[in-house]
Amino acid sequence: MATTALPGHNYLQDDASTVGAWFKSWFLTVDHKRIALLYLLSINVFFLLGGLAATVIRVELITPQGDLLSADLYNRAFTLHGIIMVFFFLIPGTPAVLGNFLVPLMIGARDMAFPRLNLFSWYLYMAGGLFALTAAIFGGVDTGWTFYTPFSSTYANSNVILTIAGAFIMGFSSIATGVNFIVTIHTMRAPGMTWFRLPLFIWSSYATSLIIVLATPVVGITLLLVAIERIWGVGIFDPALGGDPLLFQHLFWFYSHPAVYIMILPGFGVISELIAAFSRKRVFGYEFIAFSSMAIALLGFLVWGHHMFVSGQSVYAGLVFSFLTMLVAIPSAIKIFNWTATLYKGSISYRTPMLYALGFMGLFVIGGLTGIFLGIVAIDIHVTDTYFVVAHFHYVMVGGAIMAYLGGIHYWWPKMTGRMYSEVWGGISALIIFVGFNMTFFPQFVVGYLGMPRRYHVYPEEFQVLHVLSSAGATILAIGFIIPIIYLTLSLWTGKEAGNNPWDATGLEWQVSSPPPTHNFLEIPVVTTEAYAYAPDAAEQDAANWRPGSPL
Amino acid sequence: MRRGREAHPPASRIPHPAARILVSKEKILATTTTTTSPHGHADHGHAAHGPELQHHFCTPAQQKEAATLGMWVFLVTEVMLFGGIFMAYAVYRWAFPEVWAEAAYHLNTPLGTINTVVLLVSSLTVALAVSAAEAGKRTRVIQLLLVTMVLGVAFLGLKAYEYSEKFSHCAGYSTPAQWVGGGEQHAVYECLVPGQAFLFPADKTTGVSNAPTVAGQGTPYQLFFFLYFVATSLHAVHMLIGLTIMGYLAFITWRGVITPTYFTPIEIGGLYWHLIDIVWVFLFPLFYLVH
Ligand code: HEM
Ligand SMILES: [Cu+2]
Chain A
1 MATTALPGHN YLQDDASTVG AWFKSWFLTV DHKRIALLYL LSINVFFLLG
51 GLAATVIRVE LITPQGDLLS ADLYNRAFTL HGIIMVFFFL IPGTPAVLGN
101 FLVPLMIGAR DMAFPRLNLF SWYLYMAGGL FALTAAIFGG VDTGWTFYTP
151 FSSTYANSNV ILTIAGAFIM GFSSIATGVN FIVTIHTMRA PGMTWFRLPL
201 FIWSSYATSL IIVLATPVVG ITLLLVAIER IWGVGIFDPA LGGDPLLFQH
251 LFWFYSHPAV YIMILPGFGV ISELIAAFSR KRVFGYEFIA FSSMAIALLG
301 FLVWGHHMFV SGQSVYAGLV FSFLTMLVAI PSAIKIFNWT ATLYKGSISY
351 RTPMLYALGF MGLFVIGGLT GIFLGIVAID IHVTDTYFVV AHFHYVMVGG
401 AIMAYLGGIH YWWPKMTGRM YSEVWGGISA LIIFVGFNMT FFPQFVVGYL
451 GMPRRYHVYP EEFQVLHVLS SAGATILAIG FIIPIIYLTL SLWTGKEAGN
501 NPWDATGLEW QVSSPPPTHN FLEIPVVTTE AYAYAPDAAE QDAANWRPGS
551 PL
Chain B
553 MRRGREAHPP ASRIPHPAAR ILVSKEKILA TTTTTTSPHG HADHGHAAHG
603 PELQHHFCTP AQQKEAATLG MWVFLVTEVM LFGGIFMAYA VYRWAFPEVW
653 AEAAYHLNTP LGTINTVVLL VSSLTVALAV SAAEAGKRTR VIQLLLVTMV
703 LGVAFLGLKA YEYSEKFSHC AGYSTPAQWV GGGEQHAVYE CLVPGQAFLF
753 PADKTTGVSN APTVAGQGTP YQLFFFLYFV ATSLHAVHML IGLTIMGYLA
803 FITWRGVITP TYFTPIEIGG LYWHLIDIVW VFLFPLFYLV H
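Order-wise, the sequence lines are chains A and B.
Residues in the first sequence are numbered from 1 upward in steps of one, following our numbering.
Residues in the second sequence are numbered from 553 upward in steps of one, following our numbering.
Quick look at the structure:
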């Protein structure tokens, strides 16, 4: 056991002498770092639950017949999977864990602007999760994560209201986080930390928060309307009662398209940090990356109709939405180009976080490009509601958002815990995840293009090969997700001490001790340099000093 | 942050209070009794500012800016929340303009108008409370906040009466008083509460002679009343929250927390109250005045 003492006075230390005091010091904490850890644990538990549902789905799909689950149970399984992964893992994931931990540290503040609101948001998250899980235990929901009406409002006989209540409450948790981030970034920056000296992670967290505060209330009221309609049998979305089910889809996607950017934008921010740190270069085109986040936040509000090409919206609306969808791909592409340019002539070291970053770039490109396919009305009409769409969004959500999340967790793990994890296992599991991921989801593009619809548990024999491939890949992927849980946990006891700045990176968070002291900065720093102020020749220096055996 | 700590030596000019640990460690250790406080942060030197400055802010100005911006951002989320209802409203009014014009006759416009005036006056009293707080007139602040609360309760009372009118019609009574007092019950000729029993009457008073009698659900008429009930009751929930906030503000003013240099709570509470009023200012014409 490496018991060498971590720096005294860090936020993990407890003065608590009784269990009650210990309990209080964690569950009533207002320290953004402790709240981040609360979120880390709870969000990962939800991730595992969502993964469990995914396992059931993939096992069922190994054979063309429905031998494991009935059609009804299958509906409930993929709905549970979708709801947990979207509402309780991806949307809060990076902002609530990494954002909560890093935003104050990166801008030189002692805490979030509203520490108690921050804690409250965690309780809301847990309450929402409890509702959703209760609904699952008492039979689950079969509407899909999209709650389409009039099925959800009139016909479904599953626990729609309980689940909706969960998503609704969880929405307010994200709103609380979003408000906190916006205010913190506006008002709590250290002297000298101008907007254009902010790390790009802060820019992307800011853009994410804008989306959260503008979009989440809309889905909140929409879900509320569905619940009311269900309870009192009144027909706002039910065509039989004069209502319009398309209105639901408009309101839902007005939130949920921007919500996909809530999931991916923080990931973009993480990747910018990783690429800079492991290329030892300033990020190429800093302003472009910063503004592309803002552009995505704004444009993201204009494209919801691409989810409704076949829902009976007018052809002209479809064409406009198609065109706008092309536009929103531009800022995403700008980021990819700038990261690539940052890598160019960088001193690249293939440490675990960097493996995730590179994996992210490859997978997100595939996910984004297939998004453009889907944005073209003619192609979408062919593949909508097939596994092609399923593959598309898993490439961006798993290949993008989760890869970035894992990369970020590894990169800042030494800062959060004060200890290093096993680099060997880190690299191995990153590769396993990459291989397993592609094996799971690439066949889904093919099978979807061939005509396999999504959300069915039986399928024609000829698709079996591809489905088996996908399920086998999912097994590998699962192993890849489990290994990090093991070595990261072990590192808490056996990890080498990290020191303040194990990656030799720039950024205020690396100037404080690891783990940071409770109030982050003994003295509020004064910032005089831009972000990523690596020496212009840092990369060449590194190359010149390279010896066999030094880190890659 | 106890007020008792104000006895500590005046803060130096360094922006971050804790920085003084580095600057004059001996002095701090000599004077502070709180180095082992649960937060683990050293003494603040509260003499430079009031007790309300939270430890993670550097200056009162920063704290005020954060609180105000936070409230504004929150108000944006509120606008978007109601925005969803307004969107639904726009879609259905676009689809069924005649239905809207006809249905609006069945809302109690005189009561709605009175309520609008009540709320606008309450906005005025809140605004006056803010300036009274700035001027340090404590009793005046409390009085104005209480007047605001009275007006808010009056609004909710009238609103509740309007609702009960609709419900008493569904139960077969002409007025809520008869319903409660056990008056004469008659056959239900209208029920404007959305649901299974919804019944839109051919009303002689509207002036629309050929207005159809539409029984049951399945008519766009019910959409109007559905949106009316959802929007106004969501608004009423916000009024309840607003009343709680006003009560809290009056309480802390009475306790002496509010001073001419620290009245941010009154300001941002006032902002919230104004928002509720503005929402009503939109709801009123959109529902009551569209005939
Ligand atoms: C590069 C820009 C992107 C474009 C052009 C794009 C385009 C599209 C289109 C057109 C669809 C509708 C397909 C259909 O239902 O027929 C779609 C579905 C979807 N996309 Fe994307 N997308 C992009 C990025 C993303 C990102 C970054 C995410 C999430 C992190 C994402 C998540 C989803 C999800 C979850 C769905 C399926 C929703 C459902 O029906 O359940 N997309 N995308
Ligand atoms: Cu979309």
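C-beta: ideal position from N, C-alpha, C; glycine also.
Are there 16 or more other CB atoms within 10 angstroms of the CB of G495/A, so buried, or fewer, so exposed? buried
Return yes when the C-beta of T208/A is under 7 Å from any heavy atom of ligand 1, and no when it is not. no
So which residues on chain A does T771/B lean against when the C-beta distance must stay under 7 Å? G242
List the whole-angstrom C-beta distance separating S256/A from V226/A, where the pair is believed to meet the contact cut-off of C-beta under 8 Å. Wrong, their Cβ atoms sit about 14 Å apart, outside the cutoff.
Let's see if you can read the secondary structure: which residues bound the alpha helix (DSSP H) around W304/A? W304/A -> no alpha helix (DSSP H), and no H or E assigned at all.
What residues of chain A sit near P746/B, judged by a beta carbon separation below 7 Å? W232, V234
Check the Cβ of V226/A against every Cβ in chain B and list those closer than 8 Å, keeping chain order. Ordered by position in chain B, no residue passes the 8 Å Cβ test against V226/A, which lies about 11 Å from the chain.
Chain A partners of C722/B, CB-CB under 8 Å? Here the premise fails: no neighbours, minimum Cβ distance about 13 Å.
With a CB to CB cut of under 6 Å and the five nearest residues on each side skipped, what residues in its chain are close to S675/B? H826, D829
Expected contact under 8 Å - CB spacing of Y387/A and G473/A to nearest Å: The pair is not a contact, with the Cβ atoms about 13 Å apart (cut-off 8 Å).
Measure the CB-CB distance between Q444/A and V390/A and report whether it falls below 8 Å. yes
Give me the chain B residues within the contact set of G220/A, using Cβ-Cβ distance strictly less than 7 Å, ordered along the chain. L633
Which residues, taken in chain order from the stretch 201 to 218 of chain A, show a beta carbon closer than 8 Å to some beta carbon of chain B? V213, L214, A215, T216, P217, V218
Just to confirm, are W304/A and F337/A a CB contact at a threshold of 8 Å? no
Suppose you measure from the CA of G597/B to the CA of F201/A; what does that come to, to the nearest Å? Caution is warranted here: a pLDDT of 43 is assigned to G597/B, below 50, making its placement in the model unreliable, and the coordinate value is therefore given only provisionally. For G597/B and F201/A, the distance between alpha carbons rounds to 34 Å.
Within the stretch 142 to 193 of chain A, note down every full beta strand (DSSP E) run reaching 3 residues or more, in order along the chain. none
Cross-chain neighbours of F626/B in chain A, by beta carbon under 7 Å: V179
Apart from the five residues just before and just after W624/B, which ones in its own chain have a Cβ nearer than 8 Å to its Cβ? L823
Using a C-beta to C-beta distance shorter than 8 Å, which residues of chain C count as neighbours of H307/A? Here the protein chains are A and B, and chain C is not one of them.
Going by other Cβ atoms of all chains shown within 10 Å of its Cβ, with 16 needed for buried, is I566/A buried or exposed? Outside the shown range of chain A, which is 1 to 552, sits residue 566/A, and nothing can be said about it.
Could you tell me which residues DSSP pairs with R419/A in its beta bridges? E497/A
Within 8 Å (strictly less), CB to CB, does M639/B reach chain A? yes
Which same chain residues, not among the five before or five after F463/A, have their C-beta less than 6 Å away from its C-beta? V447, M452
Can you list the residues of chain B that P245/A reaches, using a CB-CB cut of under 7 Å? Within chain B, no residue comes near P245/A; the closest Cβ sits about 12 Å away, beyond 7 Å.
Specify the secondary structure class of T18/A as computed by DSSP and reduced to three states. coil
With which residues is C743/B paired in a DSSP beta bridge? L751/B
Looking at the strands, I want to know which residues DSSP matches up with T340/A. Bridge partners of T340/A: none, in fact.
So for P502/A, helix, strand or coil by DSSP? coil
Do you know offhand how far I84/A's Cα is from A783/B's? 30 Å
Sort out for me which residues DSSP pairs Y814/B with in a bridge. T811/B
Can you tell me the Cα-Cα spacing of E617/B and L786/B, whole angstroms? 29 Å
Check whether the stretch 130 to 141 of chain A and the stretch 176 to 191 of chain A are in contact - that is, three or more C-beta pairs closer than 8 Å. no
Look up P453/A in the DSSP assignment and say whether it is helix, strand or coil. strand
When you compare each of D537/A, Y487/A, M170/A, I348/A to A276/A by their alpha carbons, which one comes out closest? I348/A
Less than 7 Å separating the Cβ of L298/A from some heavy atom of ligand 4? Summarising the ligand content, the structure contains ligand 1 and ligand 2 and does not contain ligand 4.
Three-way DSSP call (helix, strand, coil) for T386/A in this model: strand
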